[in-house]
Each structure stands twice: as C-alpha cells, then as structure tokens.
Amino acid sequence: TNFSQLLLHHSGRSYNPIHPRFVIHIVFCVIFFWFRNVFLLILLGALTVLIAWAIIQQIILGKPFGQIPAPDAMLYGILALILFIDLAFYSMKLKTRIFLDRIEVSFFPLVSKKVYRLNELKDIEVSQYKPLREFGGWGVRFGKGIAYSIAGSWGIILKTQKGKRIVIGTQVPDKAKEALSKINMAN
Numbered sequence: 006t007n008f009s010q011l012l013l014h015h016s017g018r019s020y021n022p023i024h025p026r027f028v029i030h031i032v033f034c035v036i037f038f039w040f041r042n043v044f045l046l047i048l049l050g051a052l053t054v055l056i057a058w059a060i061i062q063q064i065i066l067g068k069p070f071g072q073i074p075a076p077d078a079m080l081y082g083i084l085a086l087i088l089f090i091d092l093a094f095y096s097m098k099l100k101t102r103i104f105l106d107r108i109e110v111s112f113f114p115l116v117s118k119k120v121y122r123l124n125e126l127k128d129i130e131v132s133q134y135k136p137l138r139e140f141g142g143w144g145v146r147f148g149k150g151i152a153y154s155i156a157g158s159w160g161i162i163l164k165t166q167k168g169k170r171i172v173i174g175t176q177v178p179d180k181a182k183e184a185l186s187k188i189n190m191a192n
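Quick note, the working numbering runs 5 ahead of the 1-based positions in the sequence shown.
Structural data, given as structure tokens:
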C-alpha cells in the first residue's frame with residue numbers, strides 16, 4: 006500500500022480531494038506500535054513460567070517449592086500480578102495521528118489521548134534522539150521534556166511556545182516527515 010491508501014484506509018472517509026471538508030478532516034498519518042521489547046518479554050515470560058512451576062509443584066504435586074515455601078495464596082497472588090504485568094506490556098500501543106490542526110497521541114493503557122494543537126507549537130521536526138540518555142528509557146518518560154516512545158531512537162519532536170519539549174517515538178520517520186510536510190503545504 007502506498008501512503009495515500011494508508012490515509013484513506015485509516016481515515017474511514019471516501020476520497021474526494023476537491024471537497025474542502027475532506028481536506029480539513031483528513032488524518033495525515035496514523036502510526037501504531039506495540040511494545041515488543043524482546044528482552045523484557047523474555048524476562049516476564051520466564052517469571053511467569055517460574056511462578057507457574059512453583060504452583061504446579063507446591064499445590065498440584067504437593068511438594069514444597071524452595072527451602073521456605075510461600076503460602077499458596079501468595080503464589081496465586083504473585084501469578085496474578087505477573088500475568089497482569091504481562092498483559093499490560095503486551096497490550097501497550099502507541100498511536101500517533103497527525104491532522105491539519107493538531108497532533109494526537111494515545112499510549113494505551115497509560116495515556117488515553119493527548120492533543121497538541123499546531124498553533125500552540127513553535128517547532129515540529131522528525132529527528133533522532135537518545136531515549137536512554139535524555140529520558141531514561143522508553144514508555145511515558147519525563148526528563149528533558151516528555152517522551153512517548155516504545156522503541157528506537159526516531160521521534161516527532163514538538164516544541165511549544167512555552168519552551169516545553171515533547172518527543173513522540175516513531176518507527177516510520179519517513180512517513181511522519183511526509184505527513185508533516187503535507188501539513189506545511191496545507192497551511
């Protein structure tokens with residue numbers, strides 16, 4: 006699919022480039038990313054397997070797990086907590102939508118929707134940044150501004166009129182640049 010087909014698919018509107026309402030409401034870019042940090046998923050998977058094995062050994066087979074076995078209820082509680090964390094990481098999704106007048110960011114399940122109006126921004130650019138050095142990692146982070154990121158080092162960098170810096174991570178910097186250039190042509 007080319008970029009215009011992607012726009013039409015995600016915007017849900019029929020294509021009529023002449024109609025002004027279409028141009029005003031078109032979504033220039035929809036970018037989805039799921040949190041897939043392999044090391045973290047392996048670590049969480051290993052913890053889940055370890056606790057599941059402890060439950061199988063201690064509750065089902067009747068053999069105490071470890072030298073000082075935990076109560077059965079605690080094992081169930083730990084398993085529930087780890088499964089909740091597994092589910093939270095598996096379901097994390099960063100969604101960035103670029104419109105003619107605003108940029109919307111949602112980072113499920115942490116941030117439902119944050120809107121940045123273009124008239125409140127001093128500068129917008131797509132460039133590389135250092136997530137570990139500048140923000141201490143990925144996720145919703147605070148450091149040298151605010152960052153919404155899942156992986157990588159490319160981001161849509163917003164600078165507000167008040168000097169605040171917002172970084173929205175992207176794995177498709179070329180498409181983000183293309184969307185932002187279309188905004189510049191429309192304005």
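Glycine included, every Cβ here is placed at the ideal spot set by N, Cα and C.
Residue i to residue j span [Cα, whole Å]
| i | j | result |
| --- | --- | --- |
| residue 22 | residue 168 | Residue placement at residue 22 is flagged as unreliable, the pLDDT there being 40, under the threshold of 50; a coordinate-derived value is accordingly withheld. |
| residue 123 | residue 177 | 21 Å |
| residue 112 | residue 98 | 6 Å |
| residue 130 | residue 100 | 18 Å |
| residue 50 | residue 139 | 29 Å |
| residue 121 | residue 128 | 12 Å |
| residue 154 | residue 145 | 7 Å |
| residue 134 | residue 143 | 12 Å |
| residue 118 | residue 110 | 6 Å |
| residue 75 | residue 65 | 14 Å |
| residue 36 | residue 179 | Any reading at residue 36 needs caution, since the residue's pLDDT is 44, under 50, leaving its predicted position unreliable; the model's value is listed next. Cα to Cα, residue 36 sits roughly 12 Å from residue 179. |
| residue 107 | residue 89 | 34 Å |
| residue 48 | residue 54 | 10 Å |
| residue 85 | residue 73 | 21 Å |
| residue 136 | residue 67 | 47 Å |
Residue i vs residue j beta-carbon contact at 8 Å
| i | j | result |
| --- | --- | --- |
| residue 185 | residue 103 | yes |
| residue 173 | residue 160 | yes |
| residue 188 | residue 126 | no |
| residue 56 | residue 92 | no |
| residue 77 | residue 62 | no |
| residue 69 | residue 96 | no |
Nearest neighbour of residue i, chosen from the options [CA to CA]
| i | options | result |
| --- | --- | --- |
| residue 94 | 44, 138 and 174 | 44 |
| residue 147 | 171, 131 and 78 | 171 |
| residue 152 | 179, 180 and 116 | 116 |
| residue 71 | 48, 53 and 59 | 59 |
| residue 87 | 136, 46, 62 and 109 | 46 |
| residue 83 | 107, 181, 52 and 73 | 52 |
Under the three-state DSSP convention, the category residue i falls into
| i | result |
| --- | --- |
| residue 57 | helix |
| residue 153 | strand |
| residue 147 | strand |
| residue 135 | coil |
| residue 71 | coil |
| residue 76 | coil |
| residue 94 | helix |
| residue 50 | helix |
| residue 140 | helix |
| residue 44 | helix |
| residue 89 | helix |
Sheet register partners of residue i (DSSP bridge)
| i | result |
| --- | --- |
| residue 62 | Answer is none; residue 62 lacks a bridge partner. |
| residue 170 | 164 |
| residue 130 | 162 |
| residue 120 | 109 |
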